[in-house]
Every structure is written in structure tokens, then in C-alpha cells.
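Colleague:
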Amino acid sequence: MSYLNIDAQALNTYDAIVIGSGISGGWAAKELTGKGLRTLVLERGRDVRHVTDYPTTNMQPWEFDHRNQLRQEVREANPIISKCYAFYEGTEQFFVKDAEHPYIQEKPFDWIRGYQVGGKSLMWARQTQRWSDFDFEGPARDGFAVDWPIRYADIAPWYSYVERFAGISGNKDGLATLPDGEFLPPHEWNCVEKHFQQKIAGRYKDRHVIMGRAAHLTQPQPVHYQQGRAQCQHRTICERGCPFGGYFSSNSTTIPWAAKTGKMTLRPNSVVHSIIYDEKKGRATGVRVIDTHTKQMQEYYARIIFLNAAALNSNLVLLNSTSTRFPNGLGNDSGVLGKYAAFHNYRAGVSGEYDGDLDSTTDGRRPNSPYIPRFRNVLKQEMGFLRGYAAGFSAGRASRSDQSGVGADLKESLLNPKLGGWYVGSHMMGETIPKESNFLALDSSLKDPYGIPQLKISIAYDDNDDKMVKDYQEQLTEMFTEAGFKNIRVRDSHASPGLDIHEMGGVRMGKDPKTSMLNKWNQLHAVKNVFVTDGACMTSTSTQNPSLTYMAMTARSADYAVKAMKKGLV
Ligand SMILES: Cc1cc2nc3c(=O)[nH]c(=O)nc-3n(C[C@H](O)[C@H](O)[C@H](O)COP(=O)(O)OP(=O)(O)OC[C@H]3O[C@@H](n4cnc5c(N)ncnc54)[C@H](O)[C@@H]3O)c2cc1C
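Next comes the structure, spelled out in C-alpha cells:
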């Protein structure tokens with residue numbers, strides 16, 4: 000009998016375990032297998048194979064039962080997820096429905112999730128800007144959170160490393176606030192966007208309008224062809240899954256690459272319940288997994304563990320990993336686990352109209368748009384609020400053509416559209432300040448369908464966020480006016496936190512184990528063979544979309560972990 004147990008344990012033992020197969024977990028899998036480690040990737044959702052499991056990817060609007068709109072009953076059953084712009088008939092299969100994984104909104108929070116191989120990498124909007132030292136030095140300069148244990152120079156080579164492999168398009172703009180990367184050619188501007196860019200450049204020294212940097216193959220390189228990917232076709236239905244691999248997803252890129260090494264075992268339908276801590280060995284030895292089909296618990300073992308379940312679920316896993324040594328969650332000597340959670344403030348928008356350039360219109364589609372990097376409080380604190388905001392911007396015309404009517408009338412209006420003027424729009428992307436009062440905890444009685452305590456989310460805006468919304472609205476109105484735009488309208492959606500889908504923190508990095516969970520290598524201070532490299536590790540939030548930073552952080556940390564393993568340090 001004991002022989003059998005030893006055999007079972009040996010069978011379930013790997014060099015490394017990766018929890019989650021989304022953007023960060025996919026990178027962990029690629030890096031660890033690429034460095035020769037037998038790696039088990041545990042994913043709570045079902046398998047989604049590149050191309051074959053994108054059922055709606057080639058469907059036309061008329062081929063959908065409901066013309067690609069959400070059914071009323073789906074909307075009513077899913078008030079949370081229905082708020083996400085990317086959730087529609089063609090993408091329903093990739094989003095977690097409200098009832099599937101309940102959580103407690105101590106304060107209103109829209110938790111948008113994708114539980115499948117690939118995680119949210121299938122549906123993301125692919126915006127990929129680097130951080131700069133204005134971001135990494137922010138907390139120390141402005142006196143909030145704790146100082147980051149790394150600076151831009153630590154991560155810059157890893158940004159380059161992941162950009163080359165993932166394929167990031169962009170222009171070299173030479174801005175200190177938004178360092179340039181290893182770019183494929185940028186997307187094109189339309190004439191009104193160009194007009195706005197020039198007007199802003201003429202009027203402000205410190206404000207810039209640039210083309211967004213995006214994870215699209217505008218000109219594939221040999222490494223992308225090796226991945227089996229091809230040039231982006233500008234179909235702009237990316238979130239249904241792309242059969243060309245035109246944008247970066249774990250499914251098209253990192254997971255198949257890891258599989259090709261022969262070192263990866265991918266186990267979908269495996270909910271990680273907790274990480275096992277061995278009190279005698281003083282290290283984590285493995286994980287407890289619940290099989291979603293059998294509901295049975297199974298243990299798996301490894302030398303190192305990468306936790307990449309996405310920010311809030313990584314908090315949940317650590318909080319649920321209790322032992323005599325760590326009664327309040329794995330590695331939680333400091334008591335900060337779950338605290339200092341933060342997000343991005345996407346509440347506000349400004350729109351308007353433009354009656355110039357009426358002899359031009361747009362042609363085709365573009366899966367990206369221009370971007371206005373942060374310009375407030377950059378070199379020094381100068382406003383009545385901390386930090387600042389970036390903004391998206393775009394101008395369009397053709398999509399205002401009349402699409403009403405049926406038959407010959409519809410054909411006529413589509414072939415000879417009567418175009419109105421141009422519309423212009425912007426949305427805010429504000430940094431929020433991580434605070435102790437914004438926290439995550441486990442509920443003491445309510446459980447999810449697998450018997451795991453439900454996550455309690457207590458996150459809200461504050462006065463700093465409100466001031467930032469007001470300033471964004473005023474400044475974008477001024478900039479739109481400068482460009483000659485008319486009928487300018489400002490909005491504040493008052494949307495709950497969460498819809499930005501950039502939740503971060505709770506397992507923050509820092510120099511001091513008394514005030515942080517992770518060191519500069521994303522390693523738990525107190526349990527050196529556990530690494531957390533998704534959004535949970537973020538000490539502050541910056542204004543840039545965060546996923547590129549998670550990718551770079553993961554590759555850097557995996558490199559360290561394997562070297563440390565070889566030296567017997569973990
Ligand atoms: C519509 C949309 C637009 C977005 N746009 C952008 C953008 O433009 N730029 C940007 O930077 N970011 C964007 N994001 C956010 C981006 O998708 C996330 O930042 C990114 O996917 C996070 O990577 P991750 O690995 O942490 O999590 P995910 O990609 O969510 O992967 C986590 C994985 O872990 C699995 N998992 C969770 N819990 C467990 C468990 N207990 N056991 C086993 N597995 C588990 C999940 O099923 C999932 O597959 C967008 C997201 C959405 C939905």
C-alpha cells in the first residue's frame with residue numbers, strides 16, 4: 000500500500016506548478032518549460048484550443064440567432080457581466096456568468112472574469128504600454144503605498160524580451176513617460192485624429208497624442224511564423240478568438256509554445272483550492288486541486304509554484320492557504336495580504352463633433368486607436384489630487400452611415416452612405432491610490448460551488464478619484480475646443496470599480512517583509528518557492544494598461560526562479 004502511495008505521489012510530482020493559464024500563467028508556462036522544467040499548468044476552466052475552439056470567429060452578423068446581440072434573458076440573468084462592452088452573443092462562451100462563481104460585494108464591484116485555458120487573454124483589448132520610472136518612483140515620491148523594490152532599468156530588458164515574442168505594434172515616440180519598445184509598425188491615423196495630434200502638439204509642450212501600442216502583428220517576424228501566427232487582418236472581432244493569431248493570446252502563442260517543448264502538462268477543469276505548506280520543510284510542497292467534473296480533491300507537488308490566477312483569485316488562493324505557521328494566509332506575516340487593492344478609474348468620457356475634413360472619410364477597420372499619455376503631476380506634484388490619468392482618443396465617420404431599412408433600401412444606404420460629420424471621443428484611464436481600506440477577504444460562512452470560501456470585495460473610489468474625473472473632463476474639453484471640435488459633452492458613468500478589468504494589488508511587492516508580501520523577484524518573503532506575478536503583485540497602478548507589465552514581470556521572475564533552483568536557493 001505504501002508503495003502505491005509513493006508511486007501516486009511521484010506521478011503527481013513536477014518541477015514546477017503554474018496556477019492559471021491566462022496572460023501571466025501562459026508566460027510562466029512558456030518560460031519554465033523553455034528552461035527545461037517539467038511543468039504542470041492548472042487551469043480551473045475548460046480547455047480552449049487555438050482556432051478549433053473559437054466557434055464564432057468566422058460568423059457574420061446574420062448567422063447569429065440574435066444578430067450577435069445579447070438575449071434579454073441572458074442580460075437579466077447576468078447583470079454584472081452584461082455591463083462589459085465585450086460580452087455579446089459572439090463572445091458569451093468566454094465570460095464567467097454571474098451565477099457561476101459567486102462573490103460578495105461589500106461595496107459595489109463588477110468582477111469580470113474568463114475561466115478557461117487562455118483566461119482573459121482571449122477577450123482583452125490588447126493595449127500594451129510600458130511603465131516608466133515616473134510610475135515605479137510614484138509611491139516613494141508621493142508618499143503612498145510602499146516603495147517599489149524595482150525600477151524601470153530592472154524590467155526594461157524583460158519588456159523587450161516579451162514584446163519581441165508577443166509582437167507589439169507602435170511608434171517610437173521618444174517620450175520619457177512612456178518608454179519606446181521593440182515595435183512592429185504602428186497602426187494608421189485618420190485625418191481628424193492627425194488634426195487633433197497636430198493641434199495639441201502646437202498648443203501644449205507636455206501633452207502628446209500618439210498611436211496606441213497594441214499586441215497585433217502588423218508585420219509578423221520569423222518568430223511569429225514559428226508560433227503559427229500570421230498578419231492581423233483588421234477584422235476587429237478579436238474577442239471571439241482570432242484564427243490568424245493576429246493578436247497575442249495565451250492560446251495562440253505561449254501555451255502552444257510551451258506544449259511544443261514536451262515539458263508541459265496542462266490540466267484544465269482543475270480549481271486550485273490552496274497551496275500546501277510543509278511546516279517541517281519550511282516551504283510550499285504543492286497544491287490541493289478540485290476536479291470540476293468529479294468534485295474530488297487531488298494533490299500535486301513541485302519544487303516551485305507560480306501563482307497566476309489573476310489578481311483577485313490569487314489573493315483568494317493565498318488567503319485560503321492556511322496552516323499553523325500561516326493562520327491568516329500563506330506568507331502573510333505582515334498582515335497586508337488582501338489589502339491595498341486598487342484598479343483603474345475608467346468612469347469618465349468626453350465626446351464631440353467636428354465639421355472639418357468633410358471631403359474625407361475612413362476606410363476599413365483598425366483594432367487600435369490613439370492614446371494620450373499622462374500629463375498631470377509628472378515631474379512634480381502640481382494639482383490638488385495625487386497622480387494622473389491617460390486617455391484614449393479616436394475619431395470616426397463611416398460608422399454613422401444609415402443602416403436602417405431592409406432589402407433594396409438597405410443595400411442602397413450601405414453602398415451610398417449619407418455621411419454626417421465626424422464624431423470624436425475620449426475615455427479616461429486614471430491611476431487610483433492603493434489604500435488599506437480597499438481590501439479583499441474570505442467570507443466566514445458563504446462558499447462557492449466547490450466549497451471554497453467566497454471572496455469578499457471591499458473596494459471603492461475616493462475623493463482623489465472624483466477630483467481626477469473633474470480635471471480630466473475639463474482638460475479634454477479644453478483640448479477638444481482647441482482642436483475646433485463642437486457640441487462637446489462630458490460624462491461620468493459612475494460605474495462601479497471592476498469594469499476597468501485592471502484590478503491589482505493585495506499581494507504587493509516591497510522591500511520590507513513587515514509591509515509587503517513579495518520581494519523584488521515576486522517571491523513571497525516568507526515562502527521563497529512561491530512566486531506571484533499577476534496583477535496581485537502590483538504595489539501601485541500607474542495609468543498604463545497593466546498586462547504587458549505582468550508579462551515582463553513573469554518572464555523576469557521565472558528566469559530568477561530557475562537560476563535560484565539550480566543554486567539550491569528555493
Ligand atoms: C474586455 C477586456 C479588455 C481588456 N483590455 C486590456 C488591455 O487593453 N490591456 C491590458 O493590459 N489589459 C486588458 N485587459 C485585462 C487583461 O485581460 C488582464 O490584465 C490579464 O488577462 C491578466 O492576466 P492574468 O494572467 O493575471 O489573468 P487571466 O488572463 O484572467 O488568467 C487567469 C487564469 O487563472 C484561472 N484561475 C483563476 N482561479 C483559479 C484557480 N483557483 N485554480 C486554477 N485556475 C484558476 C482563470 O480561469 C484564468 O484562466 C482586458 C480584459 C478584458 C476582459
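End of the sequence shown sits at 569 in numbering that gives the first Met the number 0; the numbers just go up one at a time, nothing left out. Ideal Cβ positions, reconstructed from N, Cα and C, are used throughout, including at glycine. None of the values given here were measured: they were computed from a predicted structure.
(1) Need the endpoints of the alpha helix (DSSP H) that Ile254 sits in, please.
(2) Taking Cβ to Cβ, would you say Ala347 is nearer than 8 angstroms to Tyr471?
(3) Quick check: the region 314-322 against the region 537-554, are there 3 or more CB pairs under 8 angstroms?
(4) Under 7 angstroms: does the beta carbon of Tyr114 sit that close to some heavy atom of ligand 1?
(5) Exposed or buried, which one is Met0 when buried takes at least 16 other CB atoms within 10 Å?
(6) Evaluate the contact criterion for the region 500-510 versus the region 463-482: three or more CB pairs, one atom per stretch, below 8 angstroms.
(7) By how many angstroms is the C-alpha of Val40 removed from the C-alpha of Tyr449?
(8) Does the Cβ of Leu547 lie closer than 7 angstroms to at least one heavy atom of ligand 1?
(9) Determine whether the beta carbon atoms of Val161 and Ala554 lie at a separation below 8 angstroms.
(10) Nearest to Cys190 by alpha carbon, out of Ser368, Gln453 and Lys469?
(11) Spatial neighbours of Arg324 within its chain, please: CB distance less than 7 angstroms, with the 5 preceding and 5 following residues excluded, ordered by chain position.
(12) Nearer than 7 angstroms: is that true of the beta carbon of Ser269 relative to any heavy atom of ligand 1?
(13) Starting from Trp157 and walking both ways along the alpha helix (DSSP H), at which residues does that stretch end?
(14) Only counting the same chain, and skipping five residues up and downstream in sequence, which positions put a Cβ closer than 8 angstroms to that of Arg488?
(15) Under 8 angstroms, with one C-beta from each stretch per pair, do the region 218-234 and the region 138-145 reach the 3-pair mark?
(16) For Trp421, which of helix, strand or coil comes out of DSSP?
(17) State the Cα-Cα distance for the pair Ser359 and Gly420, rounded to the nearest angstrom.
(18) Take Tyr549 and list the residues in its own chain whose beta-carbon comes closer than 7 angstroms to its own, dropping the five residues that flank it on each side.
(19) Residues in the same chain with beta-carbon distance under 7 angstroms from Arg373, minus the five sequence neighbours each way, listed in chain order, please.
(20) When you measure from the CB of Lys119 to every non-hydrogen atom of ligand 1, does any distance come out below 7 angstroms?
(21) DSSP three-state label for His215, please.
(22) Quick one: what's Ala551 bridged to in DSSP?
(23) Is the number of C-beta pairs between the region 238-247 and the region 53-65 that are closer than 8 angstroms three or more?
(24) Tell me the residue span of the alpha helix (DSSP H) that contains Ala340.
(25) Going by beta carbon distance, what residues of the same chain come within less than 8 angstroms of Ser443, once the five residues before and after it are set aside?
(26) For the region 222-304, list the beta strand (DSSP E) runs that are entirely contained and at least 3 residues long, ordered along the chain.
(27) Determine the DSSP secondary structure at Gln380, reduced to helix, strand or coil.
(28) Flag Gln126 as yes when its Cβ comes closer than 7 angstroms to any non-hydrogen atom of ligand 1, and as no otherwise.
(29) How would you write the range of the alpha helix (DSSP H) that Arg45 sits in, first residue to last?
(30) Give the straight-line distance between the Cα atoms of Arg212 and Glu99, rounded to the nearest whole angstrom.
(31) Which whole runs of the beta strand (DSSP E) in the region 14-85 are 3 residues long or more, in chain order?
(32) Starting from Gly391 and walking both ways along the beta strand (DSSP E), at which residues does that stretch end?
(33) With DSSP as the reference, label Ile456 as helix, strand or coil.
(34) Going by CA-CA distance only, name the one from Val73, Pro78, Ile79 and Gln104 that's closest to Gly89.
Modeller: This is what the structure holds:
(1) In the sequence shown, the residue the question calls residue 254 occupies position 255. First-last of the alpha helix (DSSP H) with Ile254: Ile254 to Lys259.
(2) Working through the sequence shown from its first residue, we reach residue 347 at position 348. Working through the sequence shown from its first residue, we reach residue 471 at position 472. Cβ atoms of Ala347 and Tyr471: closer than 8 angstroms.
(3) no
(4) In the sequence shown, residue 114 corresponds to position 115, counting from 1. Within the cutoff, so yes.
(5) As a working mapping, residue 0 is identified with position 1 in the sequence shown. At Met0 the pLDDT is 44, less than 50, meaning the model places this residue with poor confidence and gives no usable figure here.
(6) no
(7) Counting from one through the sequence shown, the residue named residue 449 turns up at place 450. Counting from one through the sequence shown, the residue named residue 40 turns up at place 41. Their Cα atoms are separated by approximately 19 angstroms.
(8) As a first step, residue 547 must be located in the sequence shown, where it is residue number 548. Yes; taking the cut-off as 7 angstroms, the Cβ of Leu547 has a heavy atom of ligand 1 nearer than that.
(9) Position 162 of the sequence shown, counted from the first residue, corresponds to residue 161. Position 555 of the sequence shown, counted from the first residue, corresponds to residue 554. Yes, these two residues count as a Cβ contact at 8 angstroms.
(10) Start at 1 with the first residue of the sequence shown, and residue 190 comes out as number 191. When each option's Cα is compared against that of Cys190, the closest is Ser368.
(11) The count along the sequence shown starts at 1 and reaches residue 324 at position 325. Excluding residues within five positions, the ones whose Cβ falls inside 7 angstroms are Tyr276 and Glu278.
(12) As a first step, residue 269 must be located in the sequence shown, where it is residue number 270. At least one heavy atom of ligand 1 is nearer than 7 angstroms to the Cβ of Ser269, so yes.
(13) By 1-based counting over the sequence shown, the position of residue 157 is 158. Where Trp157 is concerned, the enclosing alpha helix (DSSP H) stretches over Tyr151 to Ala165.
(14) The sequence position of residue 488 within the sequence shown is 489, counting from 1. Around Arg488: Val349, Ser350 and Gly351.
(15) no
(16) The residue labelled residue 421 in the question sits at position 422 within the sequence shown. Residue state, collapsed to three classes: strand.
(17) By 1-based counting over the sequence shown, the position of residue 359 is 360. By 1-based counting over the sequence shown, the position of residue 420 is 421. Using only the alpha carbons, I get a separation of about 10 angstroms.
(18) Numbered from 1 along the sequence shown, position 550 holds the residue referred to as residue 549. For Tyr549, where only same-chain residues beyond five positions count, the Cβ hits under 7 angstroms are Ile22, Ser23, Thr532, Asp533 and Gly534.
(19) Numbered from its first residue, the sequence shown carries residue 373 at position 374. Answer for Arg373: Thr176, Gly387, Tyr388, Ala389 and Thr542, listed in chain order.
(20) Position 120 of the sequence shown, counted from the start, is the residue given in the question as residue 119. Yes - ligand 1 has a heavy atom lying nearer than 7 angstroms to the Cβ of Lys119.
(21) Translated into positions along the sequence shown, residue 215 becomes position 216. DSSP places His215 in strand when its eight states are reduced to three.
(22) If you number the sequence shown from 1, residue 551 lands on position 552. None; Ala551 has no bridge partner.
(23) yes
(24) Here residue 340 is taken as the residue at index 341 of the sequence shown, counted from 1. First-last for Ala340: Lys338 to Ala341, but that is the beta strand (DSSP E), not the alpha helix (DSSP H).
(25) As a working note, residue 443 is residue 444 in the sequence shown. The answer, listed in chain order, is Pro452.
(26) 263-266, 269-277 and 282-290
(27) Translated into positions along the sequence shown, residue 380 becomes position 381. Three-state DSSP puts Gln380 in coil, outside helix and strand.
(28) For the purposes of this step, residue 126 is taken as the residue at position 127 of the sequence shown. Yes.
(29) Counting from one through the sequence shown, the residue named residue 45 turns up at place 46. Here Arg45 belongs to no alpha helix (DSSP H), and DSSP marks it neither H nor E.
(30) Position 213 of the sequence shown, counted from the first residue, corresponds to residue 212. Position 100 of the sequence shown, counted from the first residue, corresponds to residue 99. If you take the alpha carbons of Arg212 and Glu99, they lie about 34 angstroms apart.
(31) 38-41
(32) Translated into positions along the sequence shown, residue 391 becomes position 392. Its beta strand (DSSP E) spans residues Tyr388 to Gly395.
(33) In the sequence shown, the residue the question calls residue 456 occupies position 457. Looking at Ile456 - three-state DSSP - the assignment turns out to be strand.
(34) By 1-based counting over the sequence shown, the position of residue 89 is 90. If we check each option's Cα against that of Gly89, Val73 comes out closest.
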